[in-house]
Structures are given as C-alpha cells and as structure tokens.
Amino acid sequence: MTPSALRAALIVAWGILTLGCAVRERTHAPPQDDLRPSTRALTPDDFLPSGSAAHQFDLFTGDSSEPSQRLTRRRLDTSEHGAAFAIHEGERRIEYLSTGTDGSLRLHASVERDDGSLALFDPPLVVCPPTLSAGEPFASESSMRVVSDANPGRQREKGTARRTISHVGVEHVTTPAGSFDAHRVEITFLADLTFADADTLTTQWIVPGVGVVREERSRRVTVLGAQGHPKVERLEIVSVE
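Residue numbers (this note's numbering): 31 to 271.
Below, the structure written as structure tokens:
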C-alpha cells in the first residue's frame, strides 16, 4: 500500500470510529470550592509511595460511580532501562524512574500493558523538579520512541514528549481511605509523534508522607488530525499497607 493510500485508509477508518461523536473541549478536573494557596513546596518524594508501602486504589472509568477494579501501586527497585526504581500500577502500567544529581525526578521509560507498548525517553524526561512551588509551572521536553514491549526492536512511533506540571494549591478531598487536605497538582503531557498525537491531562492530589491519594486522567489520541474520544479514569486511595 502506498503512503497516500495508507493515509486515506486511516482517515476513513478513524472517521467510522468517530462518526457522530462530537469532540468536547477538555480541561483538568474542576477545582474544589475550598481551593486555597499553598505555602509548602512539593518535592519528588511527596509523589512517591514510601519504601515498600503498597497503596490500594479503586479505579473508576468514564462517569461510573462504581469502581471497575482495585489495584495496587508500589515502588520496586530495578535497573531496567537505566532506572533506579519503578512504580507498578497493578498489572497495567509501569513507570521506570530515577533521581537526578540535582534531586529532580526523571522518567526513563513507561509500559502500558493494555496495548503492549513501551515508551522510551532520551534523555530521561524530568517529571518533577527538586522543588515544585505553587504558582511556578515546570516544563520539560525529551525525544520519545514507542516500541513493542514484547519486542523492543520493533518501533511503532517516534517523536517528542512535552510535559508541564503545576502546583495549584491545597484543597480538601474525600476518598475511601478518609479525608485529606491535599496539594492539587495539574499535569499536561503531549506526545507529538509521526502518525499520531496523544495528550493526557492529569490532576493529582498529593499528601506529603503518603503520596497520591486521588488522581484523575483524561487521555486522547489524534490520528492524522482526527480526534478520538477521551479515555477518562479516576483513582481513589483505599488503604496503605
């Protein structure tokens, strides 16, 4: 199939998938009524499960009020992909991370089990600076390759990853594990790739000493200019073991 024919086929296929589906403007999760300024800067350790702690989360998809599954988020040491440790989110996602000499948190690679993809970042993408003060967004950029997790020699895509993280303030949130005064963090991630773009809007609520207690994600893929439906998920902490 010629490149022009492939392009036409992809446009038709995507048109069928999105037929009759209006594309809505997406934003981060609406702020709570009690959102207030934060005087405490966050550090990378505030985002991570401490030591061998295993955090249990309920996962909600779409607008559902009932969890679709319960998963465990934990930190494990590893040297894979040049990382120092990995954050495992159940059986569906792994992030390979390390701490830079300046204290920043860096993402070397990530695995998505749903589609069997492995994303590699060169240089490692800085996902949190040494300190993240409220009202001071931090942006980072890195080259990105997407390969098959089962066969890393098989490249699927390549391009540029861009990420912005903002510490917005403090708000009160309620989860199955209890209520917290948590730091609200908003993250925008864009993968600008050859054939498709993927953007993810994430809102996290962070409690220092615990880590993430609630998280909302909205991910959308655009193929040859045609936008797909966002995939929306929510995680709420249930317990810390």
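Think of the CB as a built atom: it goes at the ideal place given N, C-alpha and C, for glycine as much as any other residue.
Exposed or buried, residue i, counting other C-beta atoms within 10 Å across all chains shown (16 or more means buried)?
{"i": "Phe210", "result": "buried"}
{"i": "Leu254", "result": "exposed"}
{"i": "Gly241", "result": "buried"}
{"i": "Ala116", "result": "buried"}
{"i": "Glu245", "result": "buried"}
{"i": "Thr190", "result": "exposed"}
{"i": "Phe225", "result": "exposed"}
{"i": "Gln99", "result": "exposed"}
{"i": "Thr233", "result": "buried"}
{"i": "Arg264", "result": "buried"}
{"i": "Asp64", "result": "exposed"}
{"i": "Arg143", "result": "exposed"}
{"i": "Arg136", "result": "buried"}
{"i": "Asp132", "result": "exposed"}
{"i": "Ser95", "result": "exposed"}
{"i": "Ala212", "result": "buried"}
{"i": "Arg103", "result": "buried"}
Assign residue i to one of three DSSP states: helix, strand, or coil.
{"i": "Gly112", "result": "helix"}
{"i": "Asp63", "result": "coil"}
{"i": "Thr129", "result": "strand"}
{"i": "Ser134", "result": "coil"}
{"i": "Ala306", "result": "Residue 306 falls outside the range modelled here, since the chain spans only 31 to 271, and no answer is possible."}
{"i": "Arg123", "result": "strand"}
{"i": "Glu271", "result": "coil"}
{"i": "His259", "result": "coil"}
{"i": "Arg264", "result": "strand"}
{"i": "His58", "result": "coil"}
For chain D, check one thing: does any of its Cβ atoms lie closer than 8 Å to the Cβ of residue i?
{"i": "Glu201", "result": "Chain labels in this structure do not include chain D; a single protein chain is all it has."}
Residue i bridges to which residues according to DSSP?
{"i": "Asp152", "result": "Ser173"}
{"i": "Ser140", "result": "Glu125, Ala149"}
{"i": "Ala164", "result": "His197"}
I need the boundaries of the beta strand (DSSP E) containing residue i, first residue and last residue.
{"i": "Asp227", "result": "226-237"}
{"i": "Asp222", "result": "208-223"}
{"i": "Asp145", "result": "Taken as a continuous stretch (DSSP letters only), Asp145 belongs to no beta strand (DSSP E), as it is neither H nor E."}
{"i": "His202", "result": "185-205"}
{"i": "Thr102", "result": "99-107"}
{"i": "Gly241", "result": "241-253"}
At which residues does the alpha helix (DSSP H) containing residue i begin and terminate?
{"i": "Asp88", "result": "Segment 84-91 is the beta strand (DSSP E) holding Asp88; no alpha helix (DSSP H) there."}
{"i": "Asp75", "result": "74-77"}
CB-CB under 6 Å to residue i, same chain, minus the five flanking residues each way: which ones, in chain order?
{"i": "Arg249", "result": "Thr230, Lys261"}
{"i": "Gln62", "result": "Glu201"}
{"i": "Gly112", "result": "His138"}
{"i": "Val156", "result": "Ser134, Arg136, Ser170"}
Beta-carbon within less than 8 Å of residue i's beta-carbon, same chain only, minus the 5 sequence neighbours each way: which residues are those?
{"i": "Ala114", "result": "Asp107, Thr108, Leu127, Ser128, Thr129"}
{"i": "Ala71", "result": "Thr161, Leu162, Ser163, Ala164, His197"}
{"i": "Arg184", "result": "Val177, Ser178"}
Between which residues of its own chain and residue i is the CB-CB distance below 7 Å, once the five residues before and five after are set aside?
{"i": "Gly199", "result": "Leu65, Arg66, Pro67, Ser68, Ala164, Arg214"}
{"i": "Gly146", "result": "Ser178, Asp179, Ala180"}
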